[in-house]
Amino acid sequence: MNAEPITYATLPEVMIYQAALTIQDGELVFHGYGSPVPTLAMLLAKRTHASHMVHIEGATYGINPEPPFLPPTSNDWSLEQGSVMAIGISDLFDIAARGDMGRMFLSGVQVDRHGNLNVTAIGDPDTPRVKLPGSGGGCNLSGDVQHITIWTTGHRALTHKAGKRQFRFVQHIDFISSIGHVSRDGISRQALGLRGGGPDWVVTELGVFDFDPVTHVLRLRALYPDTSVQDVLDNTEFEPVIASEVSIVPLPTPEHVALIRRFDPLRTHQREFKSTDLSRCFDL
Amino acid sequence: MAVFTSENKRMLLAEAASIVQDGMTIAIGGGLSWREPMALLRELVRQGRRNLHAVGTAHGVDVDLLCGAGVIDIIEESYVGFEQDFGMAPNFRRACESGRVQVLDTCCHTIIQQLRAAEYGVPFLPVRSVQGTDFLRLHPEYKTMTCPFTDLPLVLVPALAPDVAIIHAQYGDAQGNLKILPPLVADLFFIRASKHVIASVEKIVSTDELRSMEPNVPYFWVESVVEAPYGAHPTSCYPFYAYDRAHLTDYYHAAQAGPESFMNEYLAPYVFRPATHGEYLSLIGGAAKLQELESWKDSDDAWRTLFTAPEGAIA
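Chains as they are written, first to last, in this note's numbering: chain A, 10 to 293; chain B, 2 to 316.
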């Protein structure tokens, strides 16, 4: 084992820690496949502040796994190692449908002000300009789960050659794959008869957000030591709410970082990040 | 769901694949990079099957291959991609973006409810979710109603009985009893809802031996069983073998480079050229390659190494 002292955390590791902090002890928690950031957040939370959480693995549906490493594909036996057993696909979705799933992690290529997410298509869904892979179980789970943590590693808008900016946090969402607080027609999730409170946390590489309790609009709560309110405003197409007190996110301890590095020796989680974010480091 | 009572359902890949006819709705077993019936799917491509409608949950190289070969017209899956491995699925994207296939994305619980309705012999099942999303716009066949018991708004999704479930299992017997090891993904739902089930297996064993493994699919649902060792390659089929990352890397690059490159560098050498499944196994690297893919069980280090396979490593 590498016994070198841990003196810094990378931005991805700090972000994984923020995602872990959204998990409450005793919750039944699920992440989708292809989601190493939430997978590591769940592995971390269960071994720190939330030892009674139930970890259901993203594609194998193994319960409380102890994986030797995170592979880049989710339906792999390595992600079932250490589980006492796995449940089946209908068990998983039935747990959510009857209201017993406490938290789920979801992401999107487009995110709107109310936490609606698009992972289906950019442009007209019948003739998409970009066909995205699809929502997996996200559409159903977004309406059935008690709490949702949204995460994305692509908050920073891209600038194309012609100077056109491509936002991830968009004014207009092309397709609602999973529902946030309010539908396209302005109907609240309660009026739609959906379960739970919808997304309560949004963790990005620029900051940590929740939603304004009255307007249900994305609200900035905390920044990283190297990001600013202006960074958030510049990279969000709509106008987010800024909390009256914006804090700096808590940094993980060396023990937290050691756990993340132990579970992900292949650094699979880094594949989610741009190289400029991989080089962001914070002294512990 | 018909009942198939033949004592001996062993078939060749070509015979089993011919049960799938042009225009049918197929449900492909396994998911992502795990236990997908690739040998049977390659045979469908070789036989020139057309206009299929694919339904299912989260898939990868299987659906992408069928898209690249022009076999599918309608895609009703919840996800098609390569996750953290390679990201988006190139042939699937091209097929959807060119309008060559009809995009009918679905969601895992929705499709399970539709399959369960077929399994239960009822015309539909309700779901609470889906409301507020644009899947309602994509699927006019879903209906909404106010629940007569609770006054809650609900979405009704119609029963879905695929024409053929195409499954790869670890073990089977000649009669068609199967033992599928988890993750089962949606296989059992496909099997119970579909009109026909064709299966390939890593190994055909005696009924006595299969009984000791506690089989999970009874023979009378299964129309054909084909012994095809490594029949899920390049996806994984534990406990036999891990997925072939090097092969998938080359697959991805051939697909990413465009339809012509995919035809010349992938379909021609790996689907059309080998006359038999045995020849295919030689072409992908033969015994040395298979031994490497089986090495996952030697140690965690050996297993982990299989996920760092060098790029461009097809023999």
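Note that the Cβ used here is the ideal one computed from N, Cα and C, for glycine as well.
Minimum C-alpha distance to residue i - residue among the options
i: Thr145/B; options: Ala55/B, Thr107/B, Pro127/B; result: Pro127/B
i: Leu275/A; options: Thr306/B, Pro91/B, Asn52/B; result: Thr306/B
i: Thr111/B; options: Phe87/B, Glu78/B, Ala90/B; result: Glu78/B
i: Thr236/B; options: Glu228/B, Asp245/B, Gly49/B; result: Asp245/B
i: Ala231/A; options: Leu203/A, Gly207/A, Leu260/A; result: Leu260/A
i: Cys108/B; options: Gln85/B, Phe93/B, Ile76/B, Cys97/B; result: Ile76/B
i: Phe176/A; options: Ser197/A, Gln199/A, Phe247/A; result: Phe247/A
i: Ala233/B; options: Gly32/B, Phe5/B, Thr58/B, Pro163/B; result: Gly32/B
i: Ala59/A; options: Gly111/A, Phe78/A, Gly67/A; result: Gly111/A
i: Met94/A; options: Asp133/A, Glu13/A, Glu75/A, Asp135/A; result: Glu75/A
i: Leu53/B; options: Gln85/B, Arg101/B, Phe87/B; result: Arg101/B
i: Glu228/B; options: Ala3/B, Gly279/B, Gly71/B; result: Gly279/B
i: Pro183/B; options: Glu98/B, Ala194/B, Pro240/B; result: Pro240/B
i: Pro222/A; options: Gly207/A, Arg271/A, Val46/A; result: Gly207/A
i: Arg129/B; options: Lys173/A, Leu201/A, Arg165/A, His190/A; result: Leu201/A
Beta-carbon proximity of residue i to residue j, cut-off 9 angstroms
i: Leu227/A; j: His123/A; result: yes
i: Asn125/A; j: Ile185/A; result: yes
i: Thr134/B; j: Ser92/A; result: no
i: Val156/B; j: Val123/B; result: no
i: Leu105/B; j: His60/B; result: no
i: Leu20/A; j: Glu214/A; result: yes
i: Thr158/A; j: Val212/A; result: yes
i: Asp295/A; j: Ala105/A; result: There is simply no residue 295/A to check, as chain A begins at 10 and stops at 293 in what is shown.
i: Tyr252/B; j: Tyr42/A; result: no
i: Met1/B; j: Val165/B; result: The first residue shown for chain B is 2 and the last is 316, placing residue 1/B beyond what the model contains.
i: Leu115/A; j: Ser187/A; result: yes
i: Ala200/B; j: Pro38/B; result: yes
i: Val198/B; j: Val218/B; result: yes
i: Ser83/A; j: Trp304/B; result: no
i: Ala118/B; j: Ala90/B; result: no
i: Phe221/B; j: Phe83/B; result: no
Classification of residue i by the beta-carbon crowding that lies within 10 angstroms, buried from 16 upward
i: Leu282/B; result: buried
i: Ser44/A; result: buried
i: Ile29/B; result: buried
i: Pro142/A; result: buried
i: Ile167/B; result: buried
i: Gln22/B; result: exposed
i: His61/A; result: exposed
i: Cys148/B; result: exposed
i: Phe308/B; result: buried
i: Ser144/A; result: buried
i: Thr129/A; result: buried
i: Tyr17/A; result: exposed
i: Tyr1/B; result: Nothing about residue 1/B can be reported from this structure: the residues present for chain B run from 2 to 316 only.
i: Asp85/A; result: buried
i: Leu183/A; result: Per the sequence shown, the amino acid found at residue 183/A is Asp instead of Leu. Buried: at least 16 other Cβ atoms inside 10 Å.
i: Pro80/A; result: buried
i: Asn9/B; result: exposed
Beta-carbon contacts of residue i that lie in its chain and below 7 angstroms, excluding the five residues immediately before and after
i: His265/A; result: Tyr26, Leu53, Thr57
i: Val206/B; result: Tyr172, Asp174
i: Phe102/A; result: Gly146, Asn149
i: Gln180/A; result: Glu246, Phe247
i: Leu45/B; result: Ala18, Val21, Val72
Contacts around residue i, its chain only, beta-carbon distance under 8 angstroms, and the 5 residues preceding and following it disregarded
i: Asp100/A; result: Tyr70
i: Leu42/B; result: Ile29, Asp63, Leu66, Leu67, Ile167
i: Cys290/A; result: Tyr17, Ala18, Thr19, Leu20
i: Leu293/A; result: Ile15, Thr16, Tyr17, Ala18, Leu260, Pro261, Thr262, Pro263, Val266
i: Ile299/A; result: Since the displayed chain A opens at 10 and closes at 293, residue 299/A lies outside it and no answer follows.
i: His169/A; result: Gln175
Residues near residue i in its chain [Cβ-Cβ closer than 6 angstroms; skip 5 each side]
i: Val7/A; result: As shown, chain A starts at 10 and ends at 293. That puts residue 7/A outside it, with no answer to give.
i: Arg51/B; result: Asp23
Interface partners of residue i on chain D, CB under 8 angstroms
i: Asp74/B; result: Of the protein chains in this structure, namely A and B, none is chain D.
Interfacial residues, the region 92–106 of chain A to chain B, with Cβ spacing under 8 angstroms: Ala95, Gly97, Ile98, Ser99, Phe102, Ala105, Ala106
Which residues, in chain order, does the region 253–286 of chain A contribute to contact with chain B at a C-beta distance below 9 angstroms? Pro274, Leu275, Thr277, His278, Arg280, Glu281
Give the residues from the region 161–185 of chain B that approach chain A closer than 8 angstroms (Cβ to any Cβ), ordered along the chain. Pro183, Pro184, Leu185
Got a sec: which bits of the region 26–49 of chain B sit with their beta carbon under 7 angstroms from any beta carbon on chain A, in order along the chain? Gly32, Leu33, Ser34, Trp35
With 8 angstroms as the limit, tell me which residues of the region 66–80 of chain A have their beta carbon closer than that to any beta carbon of chain B; keep them in chain order. Ala68, Thr69, Tyr70, Pro77, Phe78, Pro80
The region 154–178 of chain A: positions lying closer than 8 angstroms to chain B by Cβ: none
Relative to chain A, which residues along the region 98–110 of chain B have a C-beta separation below 7 angstroms, given in chain order? Glu98, Gly100, Val104, Asp106, Cys108, Cys109, His110
Beta carbons nearer than 7 angstroms to chain A: which residues of the region 297–310 of chain B have them? Considering only beta carbons, the part of the region 297–310 of chain B lying closer than 7 angstroms to chain A consists of Asp301, Trp304, Arg305, Phe308, Thr309, in chain order.
Please identify, using Cβ separations under 8 angstroms, the residues of the region 128–154 of chain A that lie next to chain B, in order along the chain. Residues passing the 8 angstroms Cβ filter: Thr129, Ala130, Pro134, Asp135, Thr136, Pro137, Arg138, Val139, Lys140, Leu141, Pro142, Gly143, Ser144, Gly145, Gly146, Gly147, Cys148, Asn149, Leu150, Ser151, Gly152, Asp153.
Listed in chain order, which residues of the region 123–138 of chain B have Cβ atoms closer than 7 angstroms to some Cβ of chain A? Val128, Arg129, Ser130, Val131, Gln132, Gly133, Thr134, Asp135, Phe136
Taking a Cβ distance cut-off of 9 angstroms, strictly less, list which residues of the region 80–96 of chain B are near chain A, in chain order. Residues of the region 80–96 of chain B with a Cβ closer than 9 angstroms to any Cβ of chain A, in chain order: Tyr80, Val81, Gly82, Phe83, Glu84, Gln85, Asp86, Phe87, Gly88, Met89, Ala90, Phe93, Arg94, Arg95, Ala96.
What are the residues of the region 194–215 of chain A that lie near chain B, defined by any Cβ-Cβ distance shorter than 8 angstroms? Listed in sequence order: Ile196, Arg198, Leu201, Gly202, Leu203, Arg204.
Could you name the residues of the region 144–156 of chain B whose beta carbon sits closer than 8 angstroms to any beta carbon of chain A, in the order they occur along the chain? Within the region 144–156 of chain B, the residues whose Cβ lies closer than 8 angstroms to some Cβ of chain A are Leu153, Pro154, Leu155, listed in chain order.
Interface positions of the region 212–242 of chain B facing chain A (Cβ-Cβ less than 7 angstroms), listed along the chain: Ser237, Tyr239
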